[in-house]
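Chemist: Quick one: structure below, then a few questions.
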């Protein structure tokens, strides 16, 4: 049950002793008593509170006891020897009742109780009118049902959504309108409601035309009245869109399977027969012929790498996000070791900040670091003093993660192409690649609600930064501090 609303009573008298007397008489009613010593003070109180009744001295100078008469109900206190003129004046100004002084406590309490109860009844009536108005006009499907399984009250949205009349819906247990495959779920929800739980669920309701509508329910029980209060929203279009997305993903998976298996077979054949031709017929091939065969094999290998990259991009788009606190420093160190193992002849200085963490999908965030650190590794290949950094910059807007290198860099006038599929800012003979890695990074970052961007200059290296949504800046992260120049200093790994 809802807690009882506070009822205020205003007592107005310039005499503190008389105010104290009124307070003592009415304190047994357990109401909030507000005292005012002047007409001005009473007016301020009337602006600040909603009063059930005002008890005021009719003889107060200035206010004269009548200025409040047009507001809440007013009981005027008159001396026993007051004239008929004073009584008539009070009534003409709107006084609803009066008492004589000295006050008889039982009479004052009885009169005040009447006005308190009248206010309560008026508020209940107004609330009922508002509930009925809301119930009628609400776009949602509102219902009150009994734990016996029958609807008690329904708003017109039900008729518009399912096609049944209100009377038809009330005539049968509501379970009969539920899709047969969902009736067990509806039964479980009803049992939980009977146990006093608030329950949210989605089930299908059968429409009169034979179709079904998906309804999202928010329900709450009233144990005392044995009723269920509920609002449902028609989410059929959303469910249909989800089903279409599932179908599209299945088609994409089938396409990916075809790409992975059907296209690889001819590529393997091209590469294999080219190798056989080179090995078996090398004496009959001149230098130009051998170069042509090598180009064929190189193109086949490149196509294989391209297929792998497209499949990875496809998987990134379909993977379900599983958010947790990911240790980006640990992921970056793992990626760095893998790069060093693949090319042990290179000497690259890695500077990976300690204690960098982020909220996100750890598997997808590793994909981001694999591509960003892998790019940095590739574009520093021609530098003897190659250096790759990973860290985080702190600021008022939240953490900004970055990968920085001192490699080839690029002209920023081409930055708009950087995260597009198949766009490359360097010739393939300079730095090999598919042009899909950074598009994959952008896809992952966007799925996390963040953004990614780059800063670079030709021959001076590149810095790529990214953010992740929903992360508040909590201060410095381990191993990083704001430098005077606004960049975060990166501490090197031991």
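Residue numbers (the numbering used here): 637 to 1130.
Every residue gets a Cβ at the ideal spot worked out from N, C-alpha and C, and that includes glycine.
Just grab the DSSP bridge partners of residue 789 for me.
Modeler: 780
Chemist: Cα separation between residue 660 and residue 796?
Modeler: 58 Å
Chemist: In terms of DSSP beta bridges, what is residue 837 paired with?
Modeler: DSSP lists 853 as the bridge partner or partners of residue 837.
Chemist: Quick one: using the 10 Å Cβ neighbour count with 16 as the cut-off for buried, is residue 1006 buried or exposed?
Modeler: buried
Chemist: Let me make sure I understand the geometry here. Which of 958, 1075, 989 and 739 has the alpha-carbon closest to that of residue 966?
Modeler: Out of 958, 1075, 989 and 739, the CA that lies nearest to the CA of residue 966 is found in 989.
Chemist: Rounded to a whole number of angstroms, what is the C-alpha to C-alpha distance between residue 1009 and residue 1025?
Modeler: 9 Å
Chemist: Within a Cβ cutoff of 8 Å, which residues of the same chain sit near residue 741, ignoring the five residues on either side of it in sequence?
Modeler: 661
Chemist: Which residue or residues does DSSP assign as beta-bridge partners of residue 715?
Modeler: Answer is 737.
Chemist: Is it right to say residue 809 is buried, meaning 16 or more other beta carbons lie within 10 angstroms of its own, or is it exposed?
Modeler: exposed
Chemist: First and last residue of the beta strand (DSSP E) that includes residue 689?
Modeler: Taken as a continuous stretch (DSSP letters only), the beta strand (DSSP E) holding residue 689 covers 687-693.
Chemist: So, at 6 Å on beta carbons, what are the nonlocal neighbours of residue 828 in its own chain, with the 5 sequence-adjacent residues on each side left out?
Modeler: 835
Chemist: Would you mind stating whether residue 1097 and residue 1044 have Cβ atoms separated by less than 9 Å?
Modeler: Result yes, Cβ atoms of residue 1097 and residue 1044 sit closer than 9 Å.
Chemist: Going by other Cβ atoms of all chains shown within 10 Å of its Cβ, with 16 needed for buried, is residue 1011 buried or exposed?
Modeler: Classification of residue 1011: buried, given that the 10 Å Cβ count is 16 or more.
Chemist: The beta strand (DSSP E) spanning residue 807 covers which residue range?
Modeler: Counting along the chain, residue 807 falls outside any beta strand (DSSP E), though it belongs to the alpha helix (DSSP H) covering 802-807.
Chemist: Can you determine whether any heavy atom of the ligand NAP sits closer than 8 Å to the C-beta of residue 862, and answer yes or no?
Modeler: In the structure on display, the ligand NAP does not appear, and there are no ligands present to speak of.
Chemist: Near residue 759, what residues of its chain come up, given a Cβ to Cβ distance below 7 Å and the 5 sequence neighbours on each side ignored?
Modeler: none
Chemist: Which value, in whole angstroms, describes the spacing of the CA atoms of residue 1094 and residue 1047?
Modeler: Their backbone Cα atoms lie some 5 Å apart in a straight line.
Chemist: Below 8 Å on the Cβ atoms is my guess for residue 907 versus residue 937; work out the distance and round it to an integer in Å.
Modeler: 7 Å
Chemist: Less than 7 Å between C-beta atoms, sequence neighbours within five positions excluded: which residues of the same chain meet that for residue 843?
Modeler: 798, 799 and 849
Chemist: Give the straight-line distance between the Cα atoms of residue 642 and residue 1003, rounded to the nearest whole angstrom.
Modeler: 59 Å
Chemist: Helix or strand or just coil, what does DSSP make of residue 943?
Modeler: helix
Chemist: Please go through the same chain and pick out, in chain order, the residues whose beta-carbon is closer than 8 Å to the beta-carbon of residue 863, but skip the five residues on each side of it.
Modeler: 780, 781, 782, 783, 788 and 857
Chemist: If the criterion is Cβ atoms closer than 9 Å, does the pair residue 665 and residue 658 meet it?
Modeler: no
Chemist: I'd like the span of the alpha helix (DSSP H) that includes residue 684, first residue to last.
Modeler: From DSSP, the alpha helix (DSSP H) with residue 684 extends over 675-684.
Chemist: Under the DSSP definition of a beta bridge, which residues are partnered with residue 1040?
Modeler: 1025 and 1099
Chemist: Can you give me the C-alpha to C-alpha distance between residue 705 and residue 690, rounded to a whole angstrom?
Modeler: Residue confidence is low: residue 705 scores 44 on pLDDT, short of 50, so the model does not pin down where it sits. Its coordinate-derived value is still stated next. Straight-line Cα distance between these residues: approximately 9 Å.
Chemist: Following the continuous beta strand (DSSP E) through residue 1072, name the residue where it begins and the one where it ends.
Modeler: That residue, residue 1072, is in no beta strand (DSSP E); it is neither H nor E in DSSP.
Chemist: Under three-state DSSP, which class holds residue 654?
Modeler: helix
Chemist: Give the secondary structure of residue 868 by DSSP, where H, G and I count as helix, E and B as strand, and everything else as coil.
Modeler: If DSSP states are grouped into helix, strand and coil, residue 868 belongs with the strands.
Chemist: Would residue 993 and residue 962 be called neighbours here (beta carbons separated by less than 9 Å)?
Modeler: With respect to residue 962, residue 993 sits close: the two C-beta atoms are nearer than 9 Å.
Chemist: By how many angstroms is the C-alpha of residue 802 removed from the C-alpha of residue 685?
Modeler: 42 Å
Chemist: Does the Cβ of residue 859 have 16 or more other Cβ atoms within 10 Å, making it buried, or fewer, making it exposed?
Modeler: exposed
Chemist: Starting from residue 643, follow the beta strand (DSSP E) in both directions and report where the run begins and ends.
Modeler: Careful: residue 643 lies outside any beta strand (DSSP E) and carries neither H nor E.
Chemist: Cβ atoms of residue 646 and residue 673: under 9 Å apart, would you say?
Modeler: In terms of Cβ geometry, residue 673 and residue 646 do not form a close pair [threshold 9 Å].
Chemist: Between which two residues does the alpha helix (DSSP H) containing residue 965 stretch?
Modeler: Per DSSP, residue 965 belongs to the alpha helix (DSSP H) from 964-978.
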